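K.L.:
The numbers in the sequence shown follow the numbering used here, run straight up by one, and end at 296.
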Amino acid sequence: MLAWLAYLTASVVWGSTFLAIAFAIETFTPFGLSAVRFIPAGILALLIGQIRKERFPSWREIPHIALVGITLLGVCMGLIGWAEGRVSSGVTAALGATVPLFLALMDPRGLDPKAWCGLGMGFLGVLVLLWPSGQGPALSGAAALVLSASLWAYGTLYGKRHADESGHFSQIGVEMLVAGVLSLLAASLTGGISHGTWNPRSLLAVGYLIGFGSILAYSAYIYLSKVWPCAKAGTYAYWNPIVGVLLGCWFRGETFHARMLPGLACILLGVALVQIPWPKALRSGSANQGAKQISR
Numbered sequence: 001m002l003a004w005l006a007y008l009t010a011s012v013v014w015g016s017t018f019l020a021i022a023f024a025i026e027t028f029t030p031f032g033l034s035a036v037r038f039i040p041a042g043i044l045a046l047l048i049g050q051i052r053k054e055r056f057p058s059w060r061e062i063p064h065i066a067l068v069g070i071t072l073l074g075v076c077m078g079l080i081g082w083a084e085g086r087v088s089s090g091v092t093a094a095l096g097a098t099v100p101l102f103l104a105l106m107d108p109r110g111l112d113p114k115a116w117c118g119l120g121m122g123f124l125g126v127l128v129l130l131w132p133s134g135q136g137p138a139l140s141g142a143a144a145l146v147l148s149a150s151l152w153a154y155g156t157l158y159g160k161r162h163a164d165e166s167g168h169f170s171q172i173g174v175e176m177l178v179a180g181v182l183s184l185l186a187a188s189l190t191g192g193i194s195h196g197t198w199n200p201r202s203l204l205a206v207g208y209l210i211g212f213g214s215i216l217a218y219s220a221y222i223y224l225s226k227v228w229p230c231a232k233a234g235t236y237a238y239w240n241p242i243v244g245v246l247l248g249c250w251f252r253g254e255t256f257h258a259r260m261l262p263g264l265a266c267i268l269l270g271v272a273l274v275q276i277p278w279p280k281a282l283r284s285g286s287a288n289q290g291a292k293q294i295s296r
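1) Heavy atom of the ligand ATP less than 7 Å from the Cβ of Thr-190, yes or no?
2) Closer than 7 Å by C-beta to Ser-286: which residues in its own chain qualify, once you throw out the five before and the five after it? Chain order, please.
3) Could you pull out every unbroken alpha helix (DSSP H) segment of at least 4 residues lying fully inside the segment 201-235, listed in chain order?
4) Have a look at Ser-89, Ala-163, Val-146 and Val-245 and flag the residue whose alpha-carbon is nearest the alpha-carbon of Ile-65.
5) Arg-161 lies in the alpha helix (DSSP H); which residues open and close that run?
6) Tell me, which residues are paired with Ser-194 by DSSP?
7) How big is the Cα-Cα spacing for Ser-214 and Leu-119?
8) What did DSSP end up calling Pro-322 once you bin it into helix, strand or coil?
9) So for Gly-167, helix, strand or coil by DSSP?
10) Are there 16 or more other CB atoms within 10 angstroms of the CB of Ser-11, so buried, or fewer, so exposed?
11) I need the straight-line Cα distance from Ala-3 to Ser-140, nearest angstrom please.
12) What does the alpha-carbon distance come out to for the pair Leu-101 and Ser-183?
13) Assuming Ser-89 is part of the alpha helix (DSSP H), what are its boundary residues?
14) Output the boundary residues of the alpha helix (DSSP H) element that contains Gly-69.
15) Any contact of the segment 225-243 with the segment 15-23, i.e. 3+ C-beta pairs under 8 Å?
16) Using only the alpha-carbon positions, how far apart do Leu-105 and Gly-167 sit?
17) Shortest alpha-carbon distance to Leu-95 belongs to which of Gly-211, Cys-230 and Ile-80?
18) Do Arg-55 and Glu-165 count as a contact pair if the criterion is CB distance below 8 Å?
19) Which first and last residues belong to the alpha helix (DSSP H) in which Gly-81 is found?
20) Taking the Cβ atom as the reference point for each residue, do Lys-160 and Ser-88 lie within a distance shorter than 8 Å?
21) Distance, Cα to Cα, Cys-230 vs Glu-26?
22) Just reading off the alpha helix (DSSP H) that Met-106 is part of, what are its end residues?
23) What do you get for Trp-198, buried or exposed, if any count of 16 or more other CB atoms within 10 angstroms of its CB means buried?
24) So for Gly-253, helix, strand or coil by DSSP?
What follows is the structure, given as structure tokens:
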């Protein structure tokens, strides 16, 4: 039940964070947003870990944990923040649905022909979804989002391979602090923390990203990636586009053109083909058929 609650949290809350990021970058630069988001969240996570009397990561474990934090939170979130200045939050969430495709591509064990068809269909859906964008900034933003999804998949698999015995909140606290500090350094070299006057809406968005997007949803995802296969855990991204598109249309008046629906449908169908196994009866039937042909 805890795993399913974590899955539901990542599916719904992270779908809503694309809208929060869109509001936040009205004031903050991409790396500035990561800094003001992850430094407080990291400190809060470490405090929770201390209250729970968790074991702090050892010096041997910290480099692996830090690399996960840099990849998932520093680089990926920076790319998403930069891209949302160029594409809508709904399209951002839709391209985030390619995460399970990259997870399957990087860890192909057990993939059958149906799954490989799903990979092709998913990437075809990305192309269809982006076709109305044409050339220019929107296309560059979309490329950044695809790169972010691939790096997210790599970081997830790396973290699973180098899982440690440290406390849950202590681990994510180190990840967030490392990502936040490096983002602060990057922000100082790329335009500072903010590019406009701070306003209540952007500050509220940052608060939501700290409490819900980081402490709640990220900790849920890290837990989920440990107790479920990564490909199965990554299917949270199936639901992010639905949440992101609805909230973007509702709160920001973003337009989702009807011609983009086939692309979104291809993405969701593609990831479904990758992740949903054949029914047991079909698998056994195929195996029996193959055995009969061999015997003949």
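Note that beta-carbon positions come from the ideal geometry of N, C-alpha and C, so glycine has one too. Predicted model only: the values in this text are computed from it and were never measured.
P.N.:
So, from the data block:
1) Ligands in the displayed structure: none, and consequently the ligand ATP is not present.
2) With a pLDDT of 45 at Ser-286, under the threshold of 50, the modelled position of this residue cannot be trusted, and the question is left open.
3) 219-227 and 230-233
4) Ala-163
5) 137-161
6) Phe-28
7) 29 Å
8) The requested residue 322 does not occur in the structure, where the chain is confined to residues 1 to 296.
9) coil
10) buried
11) 36 Å
12) 27 Å
13) 89-96
14) 62-69
15) yes
16) 30 Å
17) Ile-80
18) yes
19) 77-83
20) no
21) 33 Å
22) 99-106
23) exposed
24) coil
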